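Q: Right, I'll just put the structure down here and ask away after.
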Amino acid sequence: MTTHPDRSTQTTMRIIAFGTYQADSHPRVRVLIEGLRAQGHDVLEINEPLGLSTAERVSMLRKPWTLPVLGLRLAHRWTRLARRGRSESKRQPPDAVLVGYLGHFDVHLARRVFHGTPIVLDHLIFAAGTAVDRGSAKGLVTGALEVLDRRALRAADVIVLDTAEHRDRVPEELSSRALVAAVGADATWFEAGGHASPAPALDEPVRVVFFGLFTPLQGAVVIGEALNLLHRRGFGADRLRVTMIGSGQDLAAAQAAAGPEAPAEWVGWVDPARLPAVVASHQVALGIFGTTPKGADVVPNKVYQSAAAGCAIITSDTRPQRRVLGEAAEFVPVGDPSALADAIARLVEDRQLLVHRRRQARELALSSFTGGAVVLPLLDRLADVPLDDVSTAAASKHSAPVAPLTPRAALRWPLIKRAMKQTRPATTLEIGCGQGAMGARLVGLTPSFTAVEPDVSSYQIAKERIGTRGGTVLNCTSDELDDDRTFDMVCAFEVLEHLEDDTGALDAWVKKVRIGGHLVLSVPAWQHMFGTWDKAVGHYRRYSPDELATKLRAAGFEPVKIGLYGWPLAFLLEAIRNRVADGSAQMEDSAADQTAHSGRWLQPTKRLSAIVITVGIFPFQVMQRLVQSKGNGIVALARRVS
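498 is the number of the first residue of the sequence shown in the numbering used here; add one for each residue after it.
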C-alpha cells in the first residue's frame, strides 16, 4: 500500500471507538479505526454489537409492539458499554470518542459516559433516507427516523458523513460540525486485491460480480434486465459469467427480469471473511443503478471495496460517484439496463480496456481509499477541536450527570423541555419538586430556578441534586413563599391530582405567575383509568384535556398547548404500577402520607438506572411525538392573562 502524509508532528491521540456497531455488516468503522492507527494514534475498541441489522431496526419501528425487544437489548449492551467506558475513562481519559455507524442511540450514551470529551459520530448516511429506499412510505416510520437523525446529530461534536450531498443535509446550525470522509475499504480488501485474478485469455469468459442487498438503491432489477439483454445478444457462459451475491426485497424481481437462461449464478450468502477473496476472483464489479433519491447521494461500500480488490468498476453516473472515481470507472445512466448491458459488453470485448480499468481502480484505491487516507479530514478537524473546551460537553455547573428520571417522567420530559425552550423564562418556580430529578434538568433551561418541596426526606435529596447545579430548593409549600414574589414560569409535575381542592390550588398558583408568564404542569389522564396506583399514591382524580383546560381558564390562564403523552409504553407502565401497588401497605396510609411517599416510591437512584431508562425510553419518546392524540398523561402549557 502507499504511504500517507507524515503526521509525526501531530500529538498522538488516545481515541476510544465506542458503541454497538457491527463491523462485519457495516465495515466503515473498521476502516476509520485502521486509519487512525495507521496515522499513529492509539485506538481502543469498546464494542458490544447489538446483533440487529438495519432492516431489522426499521422493521421494529414498523411494529411498535416489538420495540421493547430493542430497548431491552440496548439496555443490556449499554450497561456493559457504560461500565467499560467509565472504567477506561478513569484509568486514562480519551482525547476523543468515535461512535460507530448506526450509533443514533449510542451517541447519547457516549455523551453521558465521557464528559468533556469530543464525541465523533460516524453518521455516514441518514436513517430516514435508508427507510424510504427500502420501501417505507413517508409517515410514522420515516418521521421517527428523522427525529432520531436530528437528535443524534445534535449530540455530536464532530459529524462524519460520506458525501458532500449528505453533508448538505445536516441542519444549518450544525453544519460547522460536519465533514466528509470517504467510506474507504479495510485491509482485507487490499490484501485480496494483491492476489486478484489475472486477466482472462481471449477464449476465457470475463467474470462479473454483484454483491449486496437487493434493494431499490442497488437497482438489482436493472441488472437483471441487462443480463437478459446480454443473453439475447449472444453473451453466453463461454464469454461472460456473472455472480449475483445477496438477498433482499427485489431478489425475485431481479431473477425474473434476468430470465432462466441468463449467464448468472445466484448466491444467497457469502461469509464476510471470504467475501473479499471471492470478489477479487472476478474481473468486473457492479455498483448501484437504482433511481431512488438515496442513490443520487451515495458512493456505496462495494465501489471502494471492489476497487481495492482489483476489479474494474461499472456503476451509475451520479455526482458523488463521478467525484470519487474520476475516470477510473465505467459510468452508465441510472436505471438504464441497455446502457449497463453495453458497458459490460464493452469490457468483455475490449480486454485492453478491461486491464486498464482494473489498474486505474486499484491505483486509485491504494492512493485514496485506505483507512490512513480517509481519516485525514477527521484528524484535521480534531486538531481544531479544543480538547479542554468542547462546545456541547464543556464542564460547567449544568454539565454534570443528573439523577435518573422514572420511565414515565422520561416520557413527559421532551414535552416539558419544549415548553421551557418555547417560553424562555428568566425566573422559574417548581412546586413539589420531589427528589429533584426533573428540577435538576430545568436548572439548565432558566437563569434563575427555585423549587419547593414540603416532604423533608425528598427535600434533602432534591437540595443536593438541584443545589449543585445552581438552583435553590426550599423545604416549604408554595403558599409559604413571599406572596409578592412572581415568576416567569411556574411548574408543577404530578402535583395537582394530589390536592383535594385543585381549583383552589390553581387560584393560588396563578398569583405566583407574572401577567404574561406561563404555567407548565403534568397530570395523569382519563378518570376511567383511575386504579390501584392512583389510590396508593394519594391521587384524588385524573383529568381529560378538556376538563383541565376549563379549570385553567377559570383560574386566569389561557391554555397554549394541552397534549397527551405516553403512547404506547405508558399504558404498559400503568398496568405494571397498578400490579406493584395492589396489596401495598401504603394503601392504608393517610392521603397526606401517600402523597409524601409518592415522591420517593420506585424512584431510580443509580447512574446505571439512568442509562437503562434513557435507552429503553428513547424509542418511545420518538413514537409518542408522532402519535400525539393518544396517551394516559397530560402536559399542559398555559399563559396568565389576568
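The C-beta atom is built at its ideal place from N, Cα and C for all residues, glycine as well. From a predicted model like this one, the values you see are computed outputs, not experimental measurements.
Identify, in the order they occur along the chain, each residue of the same chain with its Cβ nearer than 7 Å to the Cβ of D700, setting aside the five sequence neighbours on each side.
A: Translated into the one-based positions of the sequence shown, residue 700 becomes position 203. Counting only Cβ-Cβ distances below 7 Å, and skipping sequence neighbours, we find nothing.
Q: Between P911 and K918, what straight-line distance do the alpha-carbon atoms span, to the nearest angstrom?
A: Working through the sequence shown from its first residue, we reach residue 911 at position 414. Working through the sequence shown from its first residue, we reach residue 918 at position 421. Distance between the alpha carbons of P911 and K918: 11 Å.
Q: Taking the alpha-carbon positions, what's the A770 to H728 distance?
A: The count along the sequence shown starts at 1 and reaches residue 770 at position 273. The count along the sequence shown starts at 1 and reaches residue 728 at position 231. Each residue's alpha carbon lies about 32 Å from the other.
Q: If you run the structure through DSSP and keep just helix, strand and coil, what is L1045?
A: Residue numbering aside, residue 1045 sits at position 548 when the sequence shown is read from its first letter. DSSP places L1045 within a helical segment (H, G or I) once states are collapsed to three.
Q: Quick one: what's got a C-beta closer than 7 Å to G1028's C-beta in the same chain, skipping five residues either side?
A: On the sequence shown, position 531 is the one that residue 1028 refers to. Within the same chain, G1028 has close Cβ partners N1075.
Q: Run the CB neighbour count on P757, radius 10 Å, all protein chains shown included, and call it buried at 16 or more, exposed below.
A: As a first step, residue 757 must be located in the sequence shown, where it is residue number 260. That one is exposed.
Q: If you check the beta carbons only, do R905 and L1070 fall under 8 Å apart?
A: Residue mapping note: residue 905 aligns to position 408 of the sequence shown, counting from 1. Residue mapping note: residue 1070 aligns to position 573 of the sequence shown, counting from 1. With contacts defined as CB atoms closer than 8 Å, R905 and L1070 qualify as a contacting pair.
Q: State the Cα-Cα distance for the pair T867 and I963, rounded to the nearest angstrom.
A: For the purposes of this step, residue 867 is identified with residue 370 of the sequence shown, where counting begins at 1. For the purposes of this step, residue 963 is identified with residue 466 of the sequence shown, where counting begins at 1. Cα to Cα, T867 sits roughly 49 Å from I963.
Q: Checking 8 Å against the spacing of the C-beta atoms, do Y598 and R651 come in under that value?
A: Taking the sequence shown and counting its residues from 1, one reaches residue 598 at position 101. Taking the sequence shown and counting its residues from 1, one reaches residue 651 at position 154. Result no, Cβ atoms of Y598 and R651 do not sit closer than 8 Å.
Q: Would you call D521 buried or exposed, if buried means 16 or more other Cβ atoms sit within 10 Å of its Cβ?
A: In the sequence shown, the residue the question calls residue 521 occupies position 24. That one is exposed.
Q: Under the three-state reduction of DSSP, which class applies to F1115: helix, strand or coil?
A: Translated into positions along the sequence shown, residue 1115 becomes position 618. Helix, per DSSP.
Q: What is the DSSP secondary structure of M498, counted as helix, strand or coil?
A: Residue numbering aside, residue 498 sits at position 1 when the sequence shown is read from its first letter. With a pLDDT of only 41 at M498, under the threshold of 50, the placement of this residue in the model should not be trusted, and no figure is reported.
Q: Alpha helix (DSSP H) containing P773: first to last residue?
A: Residue 773 sits at position 276 when you count from the first residue of the sequence shown. That run of the alpha helix (DSSP H) goes L772 to A777.
Q: To the nearest angstrom, report how far apart P901 and V1119 are at their CA atoms.
A: In the sequence shown, counting from the first residue as 1, residue 901 sits at position 404. In the sequence shown, counting from the first residue as 1, residue 1119 sits at position 622. C-alpha separation (whole angstroms): 19 Å.
Q: Is R704 near R666, with beta carbons less than 8 Å apart?
A: Here residue 704 refers to the residue found at position 207 when the sequence shown is read from its first residue. Here residue 666 refers to the residue found at position 169 when the sequence shown is read from its first residue. Taking 8 Å as the Cβ cut-off, R704 and R666 do not qualify as a contacting pair.
Q: Rounded C-beta distance between L971 and L676? I'm assuming under 8 Å.
A: Position 474 of the sequence shown, counted from the first residue, corresponds to residue 971. Position 179 of the sequence shown, counted from the first residue, corresponds to residue 676. So it is not a contact: roughly 48 Å between Cβ atoms.
Q: Identify which residue in F602, Q746, V594 and D592 has its Cα closest to the Cα of R570.
A: Along the sequence shown, read from residue 1 onward, the residue named residue 570 stands at position 73. Per the Cα distances, F602.
Q: Residues in its own chain within less than 7 Å of R534 by CB, not counting five upstream and five downstream?
A: The residue labelled residue 534 in the question sits at position 37 within the sequence shown. Cβ neighbours of R534 beyond the five flanking positions: V540.
Q: Is it the case that the CB of S1139 approaches a heavy atom of the ligand GTP more closely than 7 Å?
A: With respect to the ligand GTP, the structure shown offers nothing to examine, as it has no ligands at all.
Q: Taking only beta-carbon atoms, is M935 less than 8 Å away from chain D?
A: Any reference to chain D falls outside this structure, which holds one protein chain only.
Q: Round the Cβ separation of L714 and T789 to the nearest angstrom and send it over; I've been treating them as touching at under 8 Å.
A: As a working note, residue 714 is residue 217 in the sequence shown. As a working note, residue 789 is residue 292 in the sequence shown. About 5 Å; that satisfies the 8 Å criterion.
Q: For R914, which of L942, Q780, I928 and G929 has the nearest alpha-carbon?
A: Indexing the sequence shown from 1 puts residue 914 at position 417. The residue you asked about is not Arg; residue 914 is Lys in the sequence shown. Of the listed residues, the one whose Cα sits closest to K914 is L942.
Q: Have a look at the DSSP bridge pairing and note the partners of P901.
A: Residue numbering aside, residue 901 sits at position 404 when the sequence shown is read from its first letter. None; P901 has no bridge partner.
Q: With a Cβ-Cβ cutoff of 8 Å, do S744 and G765 count as a contact?
A: For this step, residue 744 is matched to residue 247 along the sequence shown. For this step, residue 765 is matched to residue 268 along the sequence shown. Yes, these two residues count as a Cβ contact at 8 Å.
Q: Given a cut-off of 8 Å on the beta-carbon distance, is the pair V604 and I616 in contact?
A: Reading the sequence shown from its first residue, position 107 is the one you call residue 604. Reading the sequence shown from its first residue, position 119 is the one you call residue 616. Yes, the pair counts as a contact, with Cβ atoms nearer than the cut-off.
Q: By the 10 Å Cβ neighbour count, where 16 or more other Cβ atoms means buried, how is R1097 classified, buried or exposed?
A: Sequence index remark: in the sequence shown, residue 1097 carries index 600 (1-based). Low local confidence applies: a pLDDT of 49 at R1097 is under 50, so the model's placement there is unreliable, with the coordinate-based value given in what follows. Burial call: exposed.
Q: Report the option in I530, E950 and A907 whose CA atom is closest to the CA atom of G869.
A: Stepping through the sequence shown from its first residue, residue 869 is reached at position 372. Closest option to G869, Cα to Cα, is I530.
Q: Return the residue from the list G691, P591, H523 and E545 that minimises the CA-CA distance to R511.
A: The residue given as residue 511 occupies position 14 in the sequence shown. Cα-wise, what sits closest to R511 is P591.
Q: Helix or strand or just coil, what does DSSP make of P830?
A: Translated into positions along the sequence shown, residue 830 becomes position 333. Under the three-state reduction of DSSP, P830 is assigned to coil, being neither helix nor strand.
Q: Quick check: F515 and G582, are their CB atoms within less than 8 Å of each other?
A: What you label residue 515 is simply residue 18 of the sequence shown in a count that begins at 1. What you label residue 582 is simply residue 85 of the sequence shown in a count that begins at 1. Their beta carbons are under 8 Å apart, which means F515 touches G582 by this criterion.
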